[in-house]
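Participant: Numbering (the numbering used here), first residue to last: 47 to 183. Dropping the structure in here first, questions after.
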Amino acid sequence: MRVNQVVRIWIAIAAVVVAVWSAWAFLLAKSFFKYAADFGDKGELAWGMAERGQWGDSFGGLTALFSALGFSAIILTLYFQYQQIQHEQKESESQRLALIEASKDRNKEQFEASFLNCLSCFVKFAERCAFGIRPSI
């Protein structure tokens, strides 16, 4: 799966989660304000601390969902980093092999240059040497 596809899927999932969270919060807030408007006989809110606590606890499921999404985002990031490192290692290995090959070629060229230089010196030395033999004409 290509990186762009994974990112698009991730963005779509995040958009759905945000929409669900917004709907949940809206519905819970609507129910809270509906019942919070009811006052008791003494002018106190009909909802006590226990009811308010339960209403706040109803967001626990969404908190777990966001935690799971955050953890999956970390895992996704680690996976992308792993792929990048693997790619860089392959590239580094190919560069290393290319450098080794270039070094072998350079050593061969140096040897050939040295050999030809030595051969040239030998030919010049042989031309200067006189062995006392005269070529016959």
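Where is the CB? At the ideal position from N, CA and C, for every residue including glycine. Treat the numbers as computed from the prediction; the structure is a model and nothing was measured.
In angstroms with no decimal places, state the Cα-to-Cα distance between Val64 and Tyr128.
Facilitator: 29 Å
Participant: At which residues does the alpha helix (DSSP H) containing Phe157 begin and terminate?
Facilitator: 106-174
Participant: Taking the alpha carbon of Ala114 as the reference point, which residue from Phe171, Ile59, Asn50, Glu137 has its own alpha carbon closest?
Facilitator: Ile59
Participant: State the CB to CB distance for the pair Trp70 and Leu108, rounded to an integer number of angstroms; the pair is presumed to be in contact (CB under 8 Å).
Facilitator: Confirmed, Cβ separation roughly 6 Å.
Participant: Do Trp56 and Ala110 count as a contact pair if the criterion is CB distance below 9 Å?
Facilitator: Taking 9 Å as the cut-off, the Cβ atoms of Ala110 and Trp56 do not count as close.
Participant: So what's Arg98 in DSSP terms, helix, strand or just coil?
Facilitator: helix
Participant: Does the Cβ-Cβ distance between Trp67 and Phe112 come in under 9 Å?
Facilitator: Result yes, Cβ atoms of Trp67 and Phe112 sit closer than 9 Å.
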